[in-house]
Amino acid sequence: MRASHKLVIGGGCAAIVAVGFASAPPMRVSADDVTADPQPTASGAQTFAGPAVSNARGTYQAQITVVDGMVTDVVALQAGTRDPQSVAVNRVAIPAFRTEVLEAQSWDVDAISGASFTSPAFIESLHGAFEDAGLS
Amino acid sequence: MTELTVDARVRERRAVALTAALWWTGAVAVAFFVAQGGLTITSPVDYLYSLGQIAGLVAAVLVMNQVLLISRVPWIEHTLGHDRAAVTHTRMGKVAFLAMLVHAALLLIMTAHYDGRSVLAEIPALWDLGWFLAAAQAALGVFALVVVTSLVIVRRRWRYESWHAVHLCVYVAIALALPHQFIEGSTFRGKGAAWWFWLALYVVTLGSWLAYRVVRPLAHARRYGLRVSDVTTHPDGSTSIVMTGRDLAGLRAMPGQFGLWRFLARGYWREAHPFSLSRIEANALRVTVGASGDFSSSLGALPVGTRVLLEGPLGIFTARLRTRPGVVYVAGGIGITPLLALLQHPHSGPLDIVLRASSLESAPLRDEVHTLAARHGATVHEFFGPRGEGWSSAAEPARLADLVAGLDQRDVYICGPVAWADAVAADAVASGVAPEAIHRERFGWS
Chain R
40 MRASHKLVIG GGCAAIVAVG FASAPPMRVS ADDVTADPQP TASGAQTFAG
90 PAVSNARGTY QAQITVVDGM VTDVVALQAG TRDPQSVAVN RVAIPAFRTE
140 VLEAQSWDVD AISGASFTSP AFIESLHGAF EDAGLS
Chain C
-1 MTELTVDARV RERRAVALTA ALWWTGAVAV AFFVAQGGLT ITSPVDYLYS
49 LGQIAGLVAA VLVMNQVLLI SRVPWIEHTL GHDRAAVTHT RMGKVAFLAM
99 LVHAALLLIM TAHYDGRSVL AEIPALWDLG WFLAAAQAAL GVFALVVVTS
149 LVIVRRRWRY ESWHAVHLCV YVAIALALPH QFIEGSTFRG KGAAWWFWLA
199 LYVVTLGSWL AYRVVRPLAH ARRYGLRVSD VTTHPDGSTS IVMTGRDLAG
249 LRAMPGQFGL WRFLARGYWR EAHPFSLSRI EANALRVTVG ASGDFSSSLG
299 ALPVGTRVLL EGPLGIFTAR LRTRPGVVYV AGGIGITPLL ALLQHPHSGP
349 LDIVLRASSL ESAPLRDEVH TLAARHGATV HEFFGPRGEG WSSAAEPARL
399 ADLVAGLDQR DVYICGPVAW ADAVAADAVA SGVAPEAIHR ERFGWS
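Chains as they are written, first to last, in this note's numbering: chain R, 40 to 175; chain C, -1 to 444.
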């Protein structure tokens, strides 16, 4: 291979990767973006935390907010580990669960694809929270 | 004239473009990964984890490209040529293996760090995440075994057969590594362009391999019914195998091409070997094999009537490469075979043949060369005996420029052992032959 060819190949690779970087979302995220700390609730609202469920990918704990028998919010008190792969998965999976649960008003929702460890653990914790709230 | 020269340049440009594009696919995989937010960084040490993931993506793409390069898919064979495809295959293999080591090492160290375990304790801990990670670890072991044994075999010049057997283990390793790319990896996570990119990569690669290495040889066997009709061992030690079949014109074999031949007889069927066509007729193909390896020398006992599976015809060492009015054929030993096939067809312009062999007695099919040369009115320049400084013999040092007048108006076709062919090509360049007028067929393992 001639040097000029190597330059073309190397330069092309660099340019392609640069395009990837240019269109990338912000890289820096905090593990704290995924989880929420228990907070004082508005009047009439009650929070129920499910059990902390652990597996090979960390510990997961769901908390639901209930107003007049309706679930109005879902957060994770714990979700996986600080490992960036775990953070990357859970920052997508937890909001997805929130949407699903608020819509279904049930803990019995579908697993999130690409979150095969988060899903069963978080659903189990949700189940506990719903039982505590007397909703299931 | 000018038009033909441009043609050679266009061909070269296409080959370079294809090689570049294959490397670029690795960069595309990385770009998609980054663009999809694959770089999730909570603390600076996480960059190492991401680097490990990227190394894995690069390895996955390059291994797929390697499979594509040896899939015998026509657009690769025509654009790059078989030998160049093999060279690129080897180069990518080196980078891919390095990337795999980086991937495994970084991800192991980093997950151990996140989980607060020692690196050694993390190896079995990863099995809890799924069987596919155990399979991936096994795949790395097989890849390492293949690389190490291949290096030993090539260095110690063991038989082609042992190298080939070891290389087949790569398919086992790929099968073991694939599940973790799908299940654990972020490969197929998220829809959109990236998803299609990965799908296309796997479908095109594995599809081409299946189509051209398995389905096509079987379909050809059915259609052409190729069988061994004659086996002759020549006094020079080489063996000619003639195969006949139905309607062989459909194969569109061109003089100068070769095939990968698998003889379906007891003791032969396990291995496919690359042999050049030394003669092409309407209903018969002939290959001539030098007396080199164990397999080659055993071919004399090949039973007549044996069915033959053919991958090919392959190679671009044909008259299509011509860029000049005249031609010089330079053959080292058994490298004469593709040139014999070329010599069976009409030539325009001046023609010279240069033969190099260790002795007159061992020069393969020398009588046939002379008969064909006489038919073309071509001059045969012969060099026998121990090797000397250059490509010629020690007794008669020679340069192409001394043998052939007006070399700049000739194409130079070279076929023979790699080091020897390098010497011929260097002499041709030094004698003023343009690079695009030098054509080589390398016999590499792939």
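Just so it is clear, CB atoms sit at the ideal spot from N, CA and C, and this is done for glycine as well.
query                                                                                                                                                                             : result
For chain C, find out if any of its Cβ atoms is closer than 8 angstroms to the Cβ of Gln124/R; answer yes or no.                                                                  : yes
With 16 as the cutoff for other CB atoms within 10 Å, does Asn129/R come out buried or exposed?                                                                                   : buried
Could you tell me which of Leu262/C, Gly303/C and Phe256/C sits nearest to Val285/C, measuring between CA atoms?                                                                  : Phe256/C
Do you know offhand how far Leu199/C's Cα is from Ile181/C's?                                                                                                                     : 17 angstroms
Quick check: what's the CA-CA separation for Pro159/R versus Ala132/C?                                                                                                            : 22 angstroms
On the three-state DSSP scale, how would you describe Ile334/C?                                                                                                                   : helix
Ala101/R bridges to which residues according to DSSP?                                                                                                                             : Ala115/R
On the DSSP letters alone, give me the boundaries of the beta strand (DSSP E) that Phe315/C sits inside.                                                                          : Where Phe315/C is concerned, there is no enclosing beta strand (DSSP E), given that its DSSP letter is neither H nor E.
Return the chain-ordered list of same chain residues with a C-beta closer than 7 angstroms to the C-beta of Met108/C, the five sequence neighbours on each side being excluded.   : Leu46, Tyr47 and Gly50
Measuring alpha carbon to alpha carbon, tell me which residue in Phe87/R, Arg96/R and Ala118/R is nearest Gly128/C.                                                               : Arg96/R
Scan the segment 46 to 66 of chain R for residues whose Cβ lies nearer than 9 angstroms to a Cβ of chain A and list them as they occur along the chain.                           : You won't find chain A in this structure, because its protein chains are R and C.
Would you please verify whether the beta carbon of Ile39/C is less than 8 angstroms from any beta carbon of chain R?                                                              : yes
Got a sec? Which residues, its chain only, sit under 6 angstroms from Gly324/C by beta carbon, not counting five neighbours each side?                                            : Gly347, Pro348, Gln407 and Arg408
Taking Glu170/R as the reference, give the member of Val110/R, Pro77/R and Gly50/R with the closest Cα.                                                                           : Val110/R
So what's Trp146/R in DSSP terms, helix, strand or just coil?                                                                                                                     : coil
Using 8 angstroms as the threshold, is the C-beta distance between Ala29/C and Gly59/R below it?                                                                                  : yes
Whose C-alpha, out of Asp44/C, Asp113/C, Ala173/C and His178/C, is nearest the C-alpha of Gly54/C?                                                                                : His178/C
Could you check whether the Cβ of Thr120/R sits closer than 8 angstroms to any Cβ belonging to chain C?                                                                           : yes
Against chain R, does Thr109/C count as a neighbour if the rule is that its beta carbon must be under 8 angstroms from one of theirs?                                             : yes
Near Trp267/C, what residues of its chain come up, given a Cβ to Cβ distance below 7 angstroms and the 5 sequence neighbours on each side ignored?                                : Arg260 and Phe261
What residues of chain R sit near Ala29/C, judged by a beta carbon separation below 7 angstroms?                                                                                  : Ile55, Val56, Val58 and Gly59
Can you list, in chain order, the residues of its chain whose CB lies under 8 angstroms from that of Gly375/C, leaving out five sequence neighbours each side?                    : Leu349
Ends of the alpha helix (DSSP H) at Asp228/C?                                                                                                                                     : Element bounds for Asp228/C: not the alpha helix (DSSP H) but the beta strand (DSSP E), Arg225 to Thr231.
Among the residues of its own chain, which have a CB less than 8 angstroms from the CB of Ala168/R, if the five just before and after it don't count?                             : Phe87, Ala88, Gly89, Ala101, Gln102, Ile103 and Trp146
Our contact map puts Val140/C next to Leu166/C with C-beta atoms below 8 angstroms; I'd like the distance itself, whole angstroms only.                                           : 11 angstroms between Cβ atoms; not a contact.
So with Cβ pairs under 8 angstroms, would you call Ser158/R a contact of chain C?                                                                                                 : no
Could you tell me whether the Cβ of Ala132/R comes closer than 8 angstroms to any Cβ of chain C?                                                                                  : no
Of all the residues that make up the segment 126 to 143 of chain C, which are near chain R by a beta-carbon distance shorter than 9 angstroms?                                    : Asp126, Leu127 and Gly128
Are any of the Cβ atoms in chain C nearer than 8 angstroms to that of Ala42/R?                                                                                                    : no
Pair every Cβ in the segment 141 to 157 of chain C with every Cβ in the segment 108 to 128 of chain C, then say whether three or more of these pairs are closer than 8 angstroms. : no
Please identify the residue among Ala33/C, Val240/C, Ile239/C and Ile74/C whose C-alpha is closest to the C-alpha of Gly190/C.                                                    : Ala33/C
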